[in-house]
Each structure stands twice: as structure tokens, then as C-alpha cells.
Amino acid sequence: MEQFIVSGLATGAIYALIGVGFVVIHNVTGIINFAQGEFAMSGAFAAVIFYEHGLPLPLACLLAAAVAALVGLVTWYAALRGAARSGPVLQIIITIGVSIALRGLALFALGSSPRALPAFSAGEVHLGNAVVAAQEIWILGIAVVLMALLWLLFEKTRIGAALLAASINRDAARLMGIDPLRMSAIAFALGAGLAGIAGFVIAPVTFATYDMGLSLGLKGFVAAVLGGVVSIPGAVIGGLSLGILESLGTAYVPSGWRDAIAFGILLLVLFIRPQGVFGRTTVRV
Amino acid sequence: MKRGAAAALALIVCAVPFAANAYVVSMLVLIALSGIAALGLGLLMGTVGEISLAQAAFMGIGAYAAASSAHAGLNPWLSILVAPVVVAAVAAFVGYPTLRLRGHYLTLATLGLGVIATVFFNEVSSVTGGPQGLGDFGSLQVGSYVLAGDKPFYGLAWIAAGLVALGVRQFRASARGRALRAIAASETAAAAMGVSVRVRKLEAFVLSAVIAGFAGALYAFYVGYITPVAFGFEQSVLIVVMVVLGGAATTLGPLVGAFIYQIGSALLAVLGAHLVTDNAQAASAALQVTCFGLLLVVVVRFLPSGLVGTAGEVLARRREHEPRVRDLDAARVRTKPL
Numbered sequence: 001m002e003q004f005i006v007s008g009l010a011t012g013a014i015y016a017l018i019g020v021g022f023v024v025i026h027n028v029t030g031i032i033n034f035a036q037g038e039f040a041m042s043g044a045f046a047a048v049i050f051y052e053h054g055l056p057l058p059l060a061c062l063l064a065a066a067v068a069a070l071v072g073l074v075t076w077y078a079a080l081r082g083a084a085r086s087g088p089v090l091q092i093i094i095t096i097g098v099s100i101a102l103r104g105l106a107l108f109a110l111g112s113s114p115r116a117l118p119a120f121s122a123g124e125v126h127l128g129n130a131v132v133a134a135q136e137i138w139i140l141g142i143a144v145v146l147m148a149l150l151w152l153l154f155e156k157t158r159i160g161a162a163l164l165a166a167s168i169n170r171d172a173a174r175l176m177g178i179d180p181l182r183m184s185a186i187a188f189a190l191g192a193g194l195a196g197i198a199g200f201v202i203a204p205v206t207f208a209t210y211d212m213g214l215s216l217g218l219k220g221f222v223a224a225v226l227g228g229v230v231s232i233p234g235a236v237i238g239g240l241s242l243g244i245l246e247s248l249g250t251a252y253v254p255s256g257w258r259d260a261i262a263f264g265i266l267l268l269v270l271f272i273r274p275q276g277v278f279g280r281t282t283v284r285v
Numbered sequence: 286m287k288r289g290a291a292a293a294l295a296l297i298v299c300a301v302p303f304a305a306n307a308y309v310v311s312m313l314v315l316i317a318l319s320g321i322a323a324l325g326l327g328l329l330m331g332t333v334g335e336i337s338l339a340q341a342a343f344m345g346i347g348a349y350a351a352a353s354s355a356h357a358g359l360n361p362w363l364s365i366l367v368a369p370v371v372v373a374a375v376a377a378f379v380g381y382p383t384l385r386l387r388g389h390y391l392t393l394a395t396l397g398l399g400v401i402a403t404v405f406f407n408e409v410s411s412v413t414g415g416p417q418g419l420g421d422f423g424s425l426q427v428g429s430y431v432l433a434g435d436k437p438f439y440g441l442a443w444i445a446a447g448l449v450a451l452g453v454r455q456f457r458a459s460a461r462g463r464a465l466r467a468i469a470a471s472e473t474a475a476a477a478m479g480v481s482v483r484v485r486k487l488e489a490f491v492l493s494a495v496i497a498g499f500a501g502a503l504y505a506f507y508v509g510y511i512t513p514v515a516f517g518f519e520q521s522v523l524i525v526v527m528v529v530l531g532g533a534a535t536t537l538g539p540l541v542g543a544f545i546y547q548i549g550s551a552l553l554a555v556l557g558a559h560l561v562t563d564n565a566q567a568a569s570a571a572l573q574v575t576c577f578g579l580l581l582v583v584v585v586r587f588l589p590s591g592l593v594g595t596a597g598e599v600l601a602r603r604r605e606h607e608p609r610v611r612d613l614d615a616a617r618v619r620t621k622p623l
């Protein structure tokens, strides 16, 4: 039992990071970003490539986060900035296009065989009755640190306040001298960077594959919806609970049904509580 | 002009099986079948402006419903009628709760449905045959003539595509179609004019899914053996690509999009095999995915009404000799009082 909860928390932390990135992008730009999983894949592959070229692992990971943020920035400037007034349907289609293009590029450049990244530290840790891989502790630790940094960003810095202002009311923010388009670029860099970090911390557990983004992006998405789509703490709790539910679920149902758990929950939430299980904000009905 | 183009297209379609080899004919059958599913999605995207990411899943549900009921002994023609009923029930179940919400909840829900459908196809092997797939469900017959193989199916698939295209055109022009476009323009205004927004949207969604289910049922009898990979999330995305390429708001657009997609991906497969020799299959797949992803972005950014839609706009402007701003300025200069 404890075993399932701890490993569920670790996977859940990954979903939470990707989901939070999704929420940040959605709040500031209004865009439902289907390329979020591919941002995670970019981070994982960048770390693998830097590491294979002889960089020390911590440096490779730092650079990989920057690469993922850069991929997000390029996506914004090249594909979405000009479509800022195009309406949500066209924007969704653009992000779908970006996601399949990134997946194709990864397959073309790096092939279909999985790439390994070493665990940040080897070995296992005993927690009560549970035996936990050290990497899972790393995942949880990094997620906690990132959440704290995000809290600091949004609560204590001017740029965080500007991001919040742009997500609450774009026009009022513009009147206050905040450029919503610049905030959107920052949101994309931030959201993609978070996903990229999620990508390379999970890579030692699951390997990096060109199509890892599909499943990761969808799960991050479910995390965000569980939290009500617009709430960062909601996405964190949504991701963690999704991870635990999946992990417990695999104890009781065949492994092939694992994905059905996440999306069954997604459908259930949309049917019964579209404002999110933990969300306070209401959805207009 | 438009009628002429449609007639020319119909003529080419009729002539092809006599001229082309088996590979081309089988590709054209697939174009017709994916084109039918794309027509269904175009009906939804081009009127209400909602995106469904479960179109391939609906094809799959239709295919499995038809195949498994025929496998159980039902007449194959009747099993093709079973498919839309099952698909309609699933679509209504998903659409009913999500379409009452504003925002793009239908996209999210269809995404979930697509994934669950794939799990279902893989895991409920007593009905679907699991990952190995389902075969041995007979074939369509007219009297004692067995409809199997490329050429008979070519006729069947294109007749079906033509009928669906005509039906979609009628639907768009009907009062319901106009109500849907009003909803797309402004839900509030449409509701104020007495349009029951939720019912009309649900109708359009169920109809678009049913069309995909019909395409899936035909597909099952064409290939004679169905597997879950043919109906995955990526296939649903590709149907979105077809619709956007051709133009969602036109009747011919989705068919043209399906045509461009299938031909383009065949050409890219050849190119990929030339560029990379050690793992040609993966390289071709990668090249296809990358190119169509980028093409999707470019089309949406620069030709948001799609190829057919843009061509129609250009033709309409030329026909009406609509004076452009530049011409007006020139006229003003010429008529300046001396």
C-alpha cells in the first residue's frame, strides 16, 4: 500500500509539473496547449544528448531545462504570436500541429529506440514498509523545490505579479503598462521549462522516447482539468491524486487499463464537476 | 463553375479504376473512407466550430460494432446499420454533459474518449479480438456477387462519399445548419433568437460521429481485418489535419484534404526511404508527421479557410469583379475634378 502511494506520488509529481505549465500558459494566453507533452519530451532528449556528449549530469539537466523553455518560446513566436487574435479553435489546431511536428522531428533526428539517462543517484531508500528508488525521491524533491520557486515568483516578484495581472485581466494589465504579448512569451517559456524539467527527471525511470510526450501531455492535461483548468494549486493536487489513483488502480486492474483510469477520471470530472474537483472558480454554464 | 468542378471530379473518379493499377485504386478507396470521416468532422468544425479529437475512435467503434455483429452472424448489410446506432449512443453520452459548458470541454472529453476507446479495443478481447485484431466476419454481397477487393469497394466507397457529401451540403444549407453557424458566431445572440444552442450542438456532434462510424463500418468490410492501431489518437489528429487542409467550412474541403494527405504521405514515404536507408520505415513516418504538423500550422496561419475555402473566396472575388481598395483609389485619382 505505502509502496503504491509513494511511487504514485512520484509519477503524480511529474503530471503536476506538466499540468502546472499547462495552467500557466492557459491563464496568461488563453491557449489550450496540446504541445505540452512534447515540451517535456524536448527536455528529456536535450538532457540525454548533452549527457551523451560528456557534460556532467547536473549541467546537462540545467541546459535541458533551458532548451525546453527555448522550444516553448520559439513555439510562441513562430506559430502562435501572429495568431493571438485568431480565436481558440485555430490556436488549438496550431498547438496540435506543433506537437506532431516536434514528435516527428524527434523521431527523425533521434530514431525510435529509447534513450537512457542515468538516475541522479543510484540505490533505494526504505520508507516504513516501502522500498523507494532514489530517483523517485529526487522527483518529489525537485517538484517541491519548483513549486516553492513558483510560489515565490508569483507572490514576491514584479514579473510574477505582471503575469498574474495579465491572466486576470489583459486589458487592465495593458493599461497598467504590462505588455500581454510579452507576458505570453514568458508564460510559454515558463510552462515549457516546467514540462522540460518533468521530462528529464522521469527519463531515468521510463527512458526518453520520441513519443513519450503523447502520454505525458495528456496526463498533465488531466491533472489541470482535475484542478479546474485555471488553478495552479489545483493542478498540483490534481496531478498528485491522479498519480496515486493510477498507481493504486494498477494494483487492482490489468496494466492495459492504466490509461483508461486517467481518462475515465477526466470524463467523470467533466461530467460531474467541470469546475474541477478542487477548484473554487465556477465555470459558466 | 462550382457545379462544373464537381462534375469533373465525379468523371475522374469514375474513370480511375479502368486506368490505374491496384495500388492507386486501393489508395483511392482509403481516400474515400477517410474522406467520409473528414466530411463528418468538417460538419462539426465548419459550422459550430468545435473540434473533436475522437473521430478515428468513432470510426473504430463503428468498425468494431459492424465487424463483431457480423461475426456473431448478423447479415453484413444490417451490421453496417448497427454501427451508426452504437456510435450515436456513445457520442450522445459524451456530448450531452460536455456541450452544456462554454469553452472547449468537448475537445477535452473527446480526447479522453479516444484514449479509452483504444484501451477498450485492446483489452476487451472477447468482443474485439484484442491487439491481434478481429477478422472472419464475412463480406458484403449483392445477390451472389461478393463485394470484395479494390475495384468493387472503390465504387462502393466513392458512392458513399458522394452521398455523404451531398447530405452534408444539404444539412449546412438547412435551417439547422444556419442555426449552427449562428451559434458559432455568438452563442448568446443565437440563444436570444430562439436557437436551442445545446440541442443543436449535440445534434451536430452526434451526426459527425455517426458519419465517422459509417466510414469505419465500410472500412472494416474493405480490409476484412481490423486492429486497434488503425483507430488511435494519432489517426484522429490526422483527420483534423485533413479537414483543416481542405477547409472545414466547405463541402469538398475535407475530401480534398483527405486526398492531399494520402497522396502526400505516400510521396513522403518514398522520400523518407531514400533519405535514410537503415531504418526507412521510421524515417518515413517521422517525415510524414513533421511535414503535416508544419503544414497544419502554416495553413491555419495563412489560409485559415483551407485550400478549397481560399480558392472559393478568390474565385468569388474575381467573378463579382469586387473592386479592391487599390482600384478604388486609382478610380478616385482618375476622376479628380480638373
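Chains A and B, in that order, are what the protein sequence lines are.
Using the numbering used here, count along the first sequence one by one with no gaps and you end on 285.
Using the numbering used here, count along the second sequence one by one with no gaps and you end on 623.
Ideal Cβ placement from N, Cα and C applies to all residues, glycine included.
ask   = Are there 16 or more other CB atoms within 10 angstroms of the CB of P56 (chain A), so buried, or fewer, so exposed?
value = exposed
query = Who does V585 (chain B) pair with in a DSSP beta bridge?
reply = None, per the DSSP bridge assignment.
inquiry  = For a minimum of 3 consecutive residues, which ranges assigned as the beta strand (DSSP E) are wholly contained in the segment 329 to 358 of chain B?
reply    = none
task = With DSSP as the reference, please indicate the residues paired to A133 (chain A) in a beta bridge.
result = A:E124
Any C-beta of chain B under 9 Å from that of P118 (chain A) = no
request  = Compare the C-beta of G220 (chain A) against all C-beta atoms of chain B and say whether one is closer than 9 Å.
outcome  = no
query = Closest by CA to V514 (chain B), which one among B:V298, B:I316, B:G345?
reply = B:G345
request  = Report the residues of the segment 256 to 282 of chain A with a CB closer than 7 Å to any CB of chain B, ordered along the chain.
outcome  = G256, W257, D259, A260, F263, G264, L266, L267, L270, F271, P274
query = Considering only the beta carbon of each residue, do I93 (chain A) and V529 (chain B) sit closer than 9 Å?
reply = yes
request  = Indicate the three-state DSSP secondary structure (helix, strand or coil) for Y430 (chain B) in the structure shown.
outcome  = strand
ask   = What whole-angstrom Cβ distance do A442 (chain B) and L318 (chain B) have, given they're in contact under 8 Å?
value = 6 Å
query = Buried or exposed: where does K156 (chain A) fall if 16 or more other Cβ atoms within 10 Å of its Cβ makes it buried?
reply = exposed
ask   = List, in order along the chain, the chain A residues whose C-beta lies closer than 7 Å to that of V482 (chain B)?
value = Within 7 Å Cβ-Cβ: nothing; V482 (chain B) doesn't reach chain A, min ~12 Å.
query = Can a CB atom of chain A be found closer than 9 Å to the CB of L396 (chain B)?
reply = yes
Near-chain B residues of the segment 169 to 187 of chain A - C-beta to any C-beta below 7 Å = none
inquiry  = Can you tell me whether T282 (chain A) is buried or exposed? The criterion is at least 16 other CB atoms within 10 Å of its CB, across all chains shown.
reply    = For T282 (chain A), the predicted model reports a pLDDT of 44, less than 50, meaning its position is unreliable; a value from the coordinates is still stated below. Answer is exposed; the Cβ neighbour count stays below 16.
query = Does DSSP classify I316 (chain B) as helix, strand or coil?
reply = helix
key: Three-state secondary structure (DSSP) of A534 (chain B)   = coil
task = Leaving out five residues on either side along the sequence, give the residues of the same chain with a beta carbon under 7 Å from the beta carbon of R174 (chain A).
result = P180
request  = Give the secondary structure of I511 (chain B) by DSSP, where H, G and I count as helix, E and B as strand, and everything else as coil.
outcome  = strand
ask   = If the cut is a Cβ gap below 9 Å, which residues of chain A does T383 (chain B) touch?
value = L267, L270, F271, P274
inquiry  = Can you check which of these residues, B:L313, B:A300, B:E408, is closest to S255 (chain A) by C-alpha distance?
reply    = B:E408
query = Under the rule that 16 or more other beta-carbon atoms within 10 Å means buried, what is F343 (chain B), buried or exposed?
reply = buried
Within 9 Å, strictly: CB atoms of A143 (chain A) and A46 (chain A) = no
query = Does DSSP classify L250 (chain B) as helix, strand or coil?
reply = Residue 250 (chain B) lies beyond the range of chain B shown here (286 to 623); nothing can be said about it.
query = Between L226 (chain B) and the rest of its own chain, which residues show a CB-CB distance below 7 Å, the 5 nearest in sequence each way excluded?
reply = The structure shown has nothing for residue 226 (chain B), since chain B only spans 286 to 623.
G597 (chain B): first and last residue of the uninterrupted alpha helix (DSSP H) it sits in = 591 to 604
Inter-stretch contact (C-beta, 8 Å, three-pair minimum) for the segment 421 to 438 of chain B and the segment 361 to 376 of chain B = yes
Beta-ladder partner(s) of A208 (chain A), from DSSP = A:R115
ask   = Taking the alpha carbon of L216 (chain A) as the point to measure from, which residue in A:M1, A:G19, A:T95, A:F4 has its own alpha carbon closest?
value = A:G19
task = Go through its chain and collect everything with a Cβ distance to V6 (chain A)'s Cβ below 7 Å, but skip five positions before and after it.
result = L127, A130, V132, E136
query = Measuring CA to CA, which of B:I444, B:F577, B:T332 is closest to L465 (chain B)?
reply = B:T332
request  = Leaving out five residues on either side along the sequence, give the residues of the same chain with a beta carbon under 7 Å from the beta carbon of A116 (chain A).
outcome  = F207
ask   = So, does the CB of Y15 (chain A) fall closer than 9 Å to a CB anywhere in chain B?
value = no
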